[in-house]
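Participant: Protein chains in written order, with the working numbering: chain A, 1 to 361; chain B, 1001 to 1361; chain C, 2001 to 2361; chain D, 3001 to 3361.
Each residue gets a CB set at the ideal place from its N, CA and C atoms; glycine is no exception.
Number of protein chains: 4
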Amino acid sequence: MAGNTIGQVFRVTTFGESHGVALGCIVDGVPPGIPLTEACLQHDLDRRRPGTSRYTTQRREPDRVKILSGVFEGVTTGTSIGLLIENTDQRSQDYSAIKDVFRPNHADYTYEQKYGLRDYRGGGRSSARETAMRVAAGAIAKKYLEMKHGIAVRGYLAQMGDVVCELRDWDQIEQNPFFCPDPSKLDALDELMRALKKEGDSIGAKVAVVAGNVPPGLGEPVFDRLDADLAHALMSINAVKGVEIGDGFAVVNKRGSEHRDEIRADGFQSNHSGGILGGISSGQQILATIAMKPTSSITVPGKTINRFGEEVEMVTKGRHDPCVGIRAVPIAEAMMAIVLMDHLLRQRAQNADVKTDIPRW
Amino acid sequence: MAGNTIGQVFRVTTFGESHGVALGCIVDGVPPGIPLTEACLQHDLDRRRPGTSRYTTQRREPDRVKILSGVFEGVTTGTSIGLLIENTDQRSQDYSAIKDVFRPNHADYTYEQKYGLRDYRGGGRSSARETAMRVAAGAIAKKYLEMKHGIAVRGYLAQMGDVVCELRDWDQIEQNPFFCPDPSKLDALDELMRALKKEGDSIGAKVAVVAGNVPPGLGEPVFDRLDADLAHALMSINAVKGVEIGDGFAVVNKRGSEHRDEIRADGFQSNHSGGILGGISSGQQILATIAMKPTSSITVPGKTINRFGEEVEMVTKGRHDPCVGIRAVPIAEAMMAIVLMDHLLRQRAQNADVKTDIPRW
Amino acid sequence: MAGNTIGQVFRVTTFGESHGVALGCIVDGVPPGIPLTEACLQHDLDRRRPGTSRYTTQRREPDRVKILSGVFEGVTTGTSIGLLIENTDQRSQDYSAIKDVFRPNHADYTYEQKYGLRDYRGGGRSSARETAMRVAAGAIAKKYLEMKHGIAVRGYLAQMGDVVCELRDWDQIEQNPFFCPDPSKLDALDELMRALKKEGDSIGAKVAVVAGNVPPGLGEPVFDRLDADLAHALMSINAVKGVEIGDGFAVVNKRGSEHRDEIRADGFQSNHSGGILGGISSGQQILATIAMKPTSSITVPGKTINRFGEEVEMVTKGRHDPCVGIRAVPIAEAMMAIVLMDHLLRQRAQNADVKTDIPRW
Amino acid sequence: MAGNTIGQVFRVTTFGESHGVALGCIVDGVPPGIPLTEACLQHDLDRRRPGTSRYTTQRREPDRVKILSGVFEGVTTGTSIGLLIENTDQRSQDYSAIKDVFRPNHADYTYEQKYGLRDYRGGGRSSARETAMRVAAGAIAKKYLEMKHGIAVRGYLAQMGDVVCELRDWDQIEQNPFFCPDPSKLDALDELMRALKKEGDSIGAKVAVVAGNVPPGLGEPVFDRLDADLAHALMSINAVKGVEIGDGFAVVNKRGSEHRDEIRADGFQSNHSGGILGGISSGQQILATIAMKPTSSITVPGKTINRFGEEVEMVTKGRHDPCVGIRAVPIAEAMMAIVLMDHLLRQRAQNADVKTDIPRW
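1. Check the Cβ of A:Asp28 against every Cβ in chain D and list those closer than 9 Å, keeping chain order.
2. Check the Cβ of D:Leu3345 against every Cβ in chain B and list those closer than 8 Å, keeping chain order.
3. Using a Cβ-Cβ distance cut-off of 7 Å, determine whether D:Leu3117 contacts chain A.
4. What are the residues in the segment 2069–2080 of chain C lying within 8 Å of chain A by C-beta distance?
5. Which residues in chain A have a C-beta closer than 7 Å to the C-beta of B:Phe1223? List them in chain order.
6. Could you check the C-alpha separation between B:Phe1223 and B:Gly1267 for me, to the nearest Å?
7. Counting along the chain, where does the beta strand (DSSP E) carrying D:Lys3066 start and finish?
8. Looking at B:Glu1166: is its Cβ nearer than 7 Å to the Cβ of B:Asp1182?
9. Between the C-alpha atoms of B:His1043 and B:Ala1136, what's the straight-line distance to the nearest angstrom?
10. Could you give the uninterrupted runs of the alpha helix (DSSP H) lying entirely in the segment 3130–3181 of chain D, keeping only those of 4 residues or more?
11. Quick one: does C:Gly2274 have its CB under 7 Å from some CB of chain B?
12. Decide if D:Ser3053 is buried, meaning its Cβ has at least 16 other Cβ atoms within 10 Å, or exposed.
13. Which two residues bound the contiguous beta strand (DSSP E) that contains A:Asp28?
14. Do you know how far the Cα of A:Ala208 is from the Cα of A:Val164?
15. Between the segment 2249–2262 of chain C and chain D, which residues of the former have CB atoms less than 9 Å from a CB of the latter, in chain order?
16. By the 10 Å Cβ neighbour count, where 16 or more other Cβ atoms means buried, how is A:Phe10 classified, buried or exposed?
17. So is D:Gln3172 buried or exposed if we call it buried at 16+ other beta carbons inside 10 Å?
18. What runs of the beta strand (DSSP E), each 3 residues or longer, lie entirely inside the segment 3050–3103 of chain D?
19. Does any CB atom of chain A fall closer than 7 Å to the CB of D:Pro3032?
20. So, helix, strand or coil for A:Glu199, using DSSP?
21. Report yes or no: is there a C-beta of chain A within less than 7 Å of the C-beta of B:Thr1356?
22. Go ahead and label A:Glu310 buried or exposed: buried means 16 or more other beta carbons lie within 10 angstroms of its beta carbon, across all protein chains shown.
23. Between the segment 241–255 of chain A and the segment 1237–1252 of chain B, are three or more C-beta pairs nearer than 8 Å?
24. Any contact of the segment 102–115 of chain A with the segment 21–39 of chain A, i.e. 3+ C-beta pairs under 8 Å?
25. Taking C-beta to C-beta, are C:Met2160 and C:Ala2128 nearer than 7 Å?
26. Can you pull the chain C residues whose beta carbon is under 7 Å from the beta carbon of A:Val339, in chain order?
27. Quick check for students: name the residue ranges of the beta strand (DSSP E) that lie wholly in the segment 250–311 of chain A, counting only runs of 3 or more.
28. Apply the 10 Å Cβ neighbour rule to D:Asp3261 and answer buried if 16 or more other Cβ atoms are within range, or exposed otherwise.
29. Kindly give me the distance between the Cβ atoms of A:Leu68 and D:Ala3022, rounded to whole angstroms, as I take these residues to be in contact under 8 Å.
30. Applying the 10 Å Cβ sphere with the 16-neighbour rule, what's the burial state of C:Met2292?
31. Within the 7 Å Cβ cut-off, does B:Ser1202 reach chain A?
32. Could you name the residues of chain C that D:Ser3296 contacts, counting a contact when the two beta carbons are closer than 8 Å?
33. Should B:Val1009 be flagged as near chain C, meaning a C-beta pair shorter than 7 Å?
34. Among the candidates A:Ile276, A:Arg168, A:Lys185, A:Arg264, whose CA atom is the shortest distance from the CA of A:Asn213?
35. Our contact map puts B:Ile961 next to B:Leu1218 with C-beta atoms below 8 Å; I'd like the distance itself, whole angstroms only.
36. What residues from the segment 3190–3216 of chain D come within 9 Å of chain C, judged by C-beta to C-beta, listed N to C?
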């Protein structure tokens, strides 16, 4: 009930606060016999890690993940996998400035209304630091999906502010600190980031995630459709305010005759639907985009109140990302991988015996 | 696992096919002592019911709901509530045209890949007819939310094709067959519908849902955030391709200094966040919008294949809505109500004792 | 949360009160392509049905089950299956005698404490009439287990009062109204029943359930062990006060050297463990026994109070079973079948790829 | 699905193997504002800890638990609580003797059938070492139940072999290493243990658990009855083969007129039902007993096979308890506390508003 678990068969439960002792998670439902080492998980953690470029927060966390159980002689055993990352750079600092103040557009006010108290150190559980464990758990899913099914889950920065980054070259994405697939936009992104730093402001972003080679049949009608579960998983990432599958909001002024993906003997002729029909994967690429709000941790002063109802002016100090969309790329990949992994295992449970000779492409 | 249940504490499980004997659901977790009659549920069912205007499918279903359990002497008993709607207008017809053919952009292909077979009569379980039970269950949630907490969940048509309908007057919405809140747009909508009928085509739509008077504190970090669960519930509605909370995709090119909702002694100064911060309700209005794709059941011929891989041309006959967004309004309300009801009860479980004297507005 | 659902992948949700309109359930997670008709379910319902012998309640219910969804052209489609049984013999009667009185050892007092009110007609939801839907859902599981895996789930009356019935002949069980496997005990059982009727009293019983041909590997450590889930399912049957797996309470004074089941090249040499080791099926017969309390609906007067705290004397009138253990046999079978079915599908989800060449017998 | 989670609202997820790096768990759903320190948990861990008397295994584990999250300034925050115990005494040893052999009555054979491989070091995940985390999580539940509701959950050794220990004095239980409530039986227990050690054999036991001051109303009909969930939780403990509520198997030859607990103005006149009626707590003491099998880790040689199907003779070496029933007392308490805590929170979710003026005692 309390919300720290995601998934049904492949199930991830997390804990940890921004400035607590450690972050951890338990990954349950991993099939046995899968080669798994800490190094497998570290790659994606490093992609998400703070302090890796001048465009992201300067908090320095090595984010070294330890596997505490569920792996024996280098392979998974089928039992629950415990993962741990110790927090090291919890700067001892004076929190009196935010202890009693509700930072605007942060979770301070709502946590306090819900729980009657909050861990105010760096946002506590509401901090995006929590997403490190999503990435670690997602890396297990990605590994399994890739190894057993050749499924690749990849994301990129699709837009930041007014800078639109089109998918030109998958290989470019890991070559720059923005996860930008369009090299011609790197200068514009750099310029935007410099301007934001100067102004002490932040900006929103759009991130795209794509899964290729997904078999048809994943997704459980009617409530646990694949698109519904993706929407849940992606919207659960901090700062996400919108989720689209396929054409998304562009369908609003489309005709049925334009939008439908016709099928010919060689397969689907387009992919407006984003690879999901009736909540079930069609075998086409799964396409999702998310909208990330501009972080509210900015140095432009803003009005808010404290817990006594008094108006105060707030300037968020500390180390923050001017655009949380950048580091969200590996997080979004992780969430899509977790959902696909879960549905792949769910599909097997009920439909393991299904054999069809219907065309697949 | 098999996906026909939504909710944790307030839990709805449904069954039924478009042309089967009946639709039904079990609503579990309703608090005892709530006055409930079939008439309470019928109002929303009538709003969703087919055949009520010339703009929607001409299938004629009275959609009479029966309460089979869980209510005694006019009030809920706390036990599971069984609901049933018999199908009456399952036109006996010749299905040979679609039996072996995968209608483009329908669930035919994916159901068959998943299950190896499908109930091809009117789409079977993948038909939007299934949503009748969502509306019935949602009506119980709406009733409870309204009666016990004064929470009102209301929706409207925000856009159809290029016709944007702004929220001018809540009272207008039930006065026209489009759930349109802007009387000045009724002619344009009527015209668009006529054109579509003539062309045998369909159109997409945007629907907005708003919940007022929601107490702060609903939503369970980190995965079962209120926005994540709303995204799940709304994306699970047939034909939905996008979900936004608050400003949604408009955040992508917003600055943090613009987007954050400042707080003063008299409360929040704006509601860009859509009433949810850190996944928890803030006490402001909950705002969500969804994108509905244009239905693929159109008479414009389209290319597809049959189960033997042969290319065929498809014209969808039968009785269909040219814009599924219209009847989606009560469905979207129902889904939001179900999520709010569930989180209201969940919040009580863990946090019943929390008392704060932090300002609320 | 509210407790009307059992199972994870194979999931059964029920509703219905003793004297309400109807009983029903939704069975979710049934694999597609399984032949299923109402007649398949009726056999076990008839075995549980009241009024079939002079030893059980004289309420006469045809218990005709209807399949409302999830089956098309005679086979399951993989979508949720709706089942319905209408109540017909809800004798219109005067309930004033029990309306305000808490019958001793009934759920009257606890329901009222929990919900603040109760459906007092025939016990409402707390009546064993609810178990009809367990039997219907269990019949689907039994059908699948038998057809796809050759698994047979069978029960028998192991003891009633002091009359112990040993398993001598499976074929005898269906030949007598007691589900007694030992023909030499039929007279003693008949005599005991006559004595109870005369005295207006009731008696406890022990029921055994056995599943044969269960593959090794079912059960999920550490909490959802097969034995733990069986204990849950069996203890959830009305009137059950104890559950044993294998030797059960007889282990208390056994030595390890006596109790352990040795293994030789031809297999296990005994089955003290009841076919479950470490919470996982071993391939041996699954053995469970349950203790059923004597029903409290007896005509021997007893002391109790009414809702105003006043002491009253209570005689339960109406139509009741002097030994609920008799009709519990098909119910216990159903519950074991539901658990095995669920774990069979769960096992596939995570471990579908596991292949071993370890000996099986 | 994979079984390492128990509970719905109060939810415990565990990981860890006998000879792995560490054991851990995540406790979710703990209400905020509860004082909690590592010392609160250590007391029960010490009661369960190995190596504390000559009657239990000589493995020496300090079992120091660390709280990694969810507690801030000494009180719970309402977020998930991460707990960790490092393994220290994983004796580096030669496992070749058991690597390929299935110890009789152990989980070796079934784990290998389920997963295709196993962590053979000390039983891996199937070892009772896993129960340390149950005790830690249960200690949180016990603390809450005691502090907020005055509920005390206590257990004792009720029988070992033929030595029956009656509940004479709660205060005696913690005064001896057997958790024996009857001082007159201490010599007999000691003698039995000495004999077993000499013979290299083990013995079964019966453990009783009692919860006092439990409010009426806990338990969710029809499947998640309090007794059913207790049966699940208790049967999930290693080596448990039977669970009884109240009179348990003694009901089999009881009459209804004997077994029913009559009620008078001053309350229930007896407690044969063990404090649960219709699956819901009645306000009386909750009484449960469990049967623990004699451990199979004995030095009396036994027949078994290896993974190649060859017959071998097996002597289990290592450090083992001759009667696992002794250390099971705190484990059984923990499991009952977890179930009560979960149902207490569940009860609030749906029934928080229920007020009755029906008598309670």
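Facilitator: Let's see:
1. One-based indexing of the first sequence puts residue 28 of chain A at position 28. Per Cβ cutoff of 9 Å: Met3001, Ala3002, Gly3003, Asn3004, Thr3005, Thr3013, Phe3015.
2. In the fourth sequence, the residue the question calls residue 3345 of chain D occupies position 345. Correct list: Ala1349, Gln1350.
3. The sequence position of residue 3117 of chain D within the fourth sequence is 117, counting from 1. So, interface residue.
4. Gly2078, Thr2079
5. Sequence index remark: in the second sequence, residue 1223 of chain B carries index 223 (1-based). Those within 7 Å of B:Phe1223 in chain A are Gly3, Asn4, Thr5, Ile6, Ser236.
6. If you number the second sequence from 1, residue 1223 of chain B lands on position 223. If you number the second sequence from 1, residue 1267 of chain B lands on position 267. Cα to Cα, B:Phe1223 sits roughly 28 Å from B:Gly1267.
7. Walking along the fourth sequence from the start, residue 3066 of chain D turns up at place 66. Note, D:Lys3066: beta strand (DSSP E), 3065–3067.
8. Along the second sequence, one-based indexing puts residue 1166 of chain B at 166. Along the second sequence, one-based indexing puts residue 1182 of chain B at 182. Taking 7 Å as the Cβ cut-off, B:Glu1166 and B:Asp1182 qualify as a contacting pair.
9. Translated into the one-based positions of the second sequence, residue 1043 of chain B becomes position 43. Translated into the one-based positions of the second sequence, residue 1136 of chain B becomes position 136. For B:His1043 and B:Ala1136, the distance between alpha carbons rounds to 9 Å.
10. 3131–3149
11. The count along the third sequence starts at 1 and reaches residue 2274 of chain C at position 274. With a threshold of 7 Å between beta carbons, C:Gly2274 makes no contact with chain B.
12. Residue 3053 of chain D sits at position 53 when you count from the first residue of the fourth sequence. Per the 10 Å Cβ criterion, exposed.
13. To locate residue 28 of chain A, count along the first sequence from 1; it is residue 28. Residues 22–28.
14. As a position in the first sequence, residue 164 of chain A is number 164, starting the count at 1. As a position in the first sequence, residue 208 of chain A is number 208, starting the count at 1. Approximately 12 Å, taken between the alpha carbons.
15. Phe2249, Ala2250, Val2251, Val2252, Asn2253, Lys2254, Arg2255, Gly2256, Ser2257, Glu2258, His2259, Arg2260, Asp2261, Glu2262
16. Residue numbering aside, residue 10 of chain A sits at position 10 when the first sequence is read from its first letter. A:Phe10 comes out buried.
17. Working through the fourth sequence from its first residue, we reach residue 3172 of chain D at position 172. By the neighbour-count rule (16 or more Cβ atoms within 10 Å), D:Gln3172 is buried.
18. 3065–3067, 3081–3086
19. If you number the fourth sequence from 1, residue 3032 of chain D lands on position 32. D:Pro3032 counts as touching chain A.
20. Position 199 of the first sequence, counted from the start, is the residue given in the question as residue 199 of chain A. Note: A:Glu199 maps to helix in three-state DSSP.
21. Translated into the one-based positions of the second sequence, residue 1356 of chain B becomes position 356. Output row for B:Thr1356: interface = yes.
22. Translated into the one-based positions of the first sequence, residue 310 of chain A becomes position 310. Flag for A:Glu310 reads exposed.
23. A contact exists between the segment 241–255 of chain A and the segment 1237–1252 of chain B.
24. no
25. Along the third sequence, one-based indexing puts residue 2160 of chain C at 160. Along the third sequence, one-based indexing puts residue 2128 of chain C at 128. It is not a contact, given that the beta carbons lie outside the stated cut-off.
26. Within the first sequence, residue 339 of chain A is the residue found at index 339, counting from 1. Neighbours of A:Val339 on chain C: none; closest Cβ ~15 Å, over 7 Å.
27. Every beta strand (DSSP E) of 3 residues or more that sits fully in the segment 250–311 of chain A is shown, in chain order, as 286–292, 302–305.
28. Translated into positions along the fourth sequence, residue 3261 of chain D becomes position 261. A buried status is given to D:Asp3261, since no fewer than 16 other beta-carbon atoms sit within 10 Å of its beta-carbon.
29. Position 68 of the first sequence, counting from 1, holds the residue named residue 68 of chain A. Position 22 of the fourth sequence, counting from 1, holds the residue named residue 3022 of chain D. The Cβ separation is near 5 Å, so the contact holds.
30. Taking the third sequence and counting its residues from 1, the one referred to as residue 2292 of chain C is at position 292. Under this definition C:Met2292 is a buried residue.
31. Here residue 1202 of chain B refers to the residue found at position 202 of the second sequence. True, the Cβ-Cβ gap to chain A drops below 7 Å.
32. Position 296 of the fourth sequence holds residue 3296 of chain D. By Cβ distance, chain C contributes Gly2256, His2259, Arg2260.
33. As a working note, residue 1009 of chain B is residue 9 in the second sequence. Taking Cβ atoms only, chain C reaches closer than 7 Å to B:Val1009, which makes this a yes.
34. Here residue 213 of chain A refers to the residue found at position 213 of the first sequence. Of A:Ile276, A:Arg168, A:Lys185, A:Arg264, the residue nearest in Cα terms is A:Ile276.
35. In the structure as shown, chain B begins at 1001 and stops at 1361. Residue 961 of chain B is therefore absent and cannot be evaluated.
36. Residues are counted here when their Cβ sits less than 9 Å from a Cβ of chain C; for the segment 3190–3216 of chain D these are Leu3196, Glu3199, Gly3200, Asp3201, Ser3202, Ile3203, Gly3204, Ala3205, Lys3206, Pro3215, Pro3216, given in chain order.
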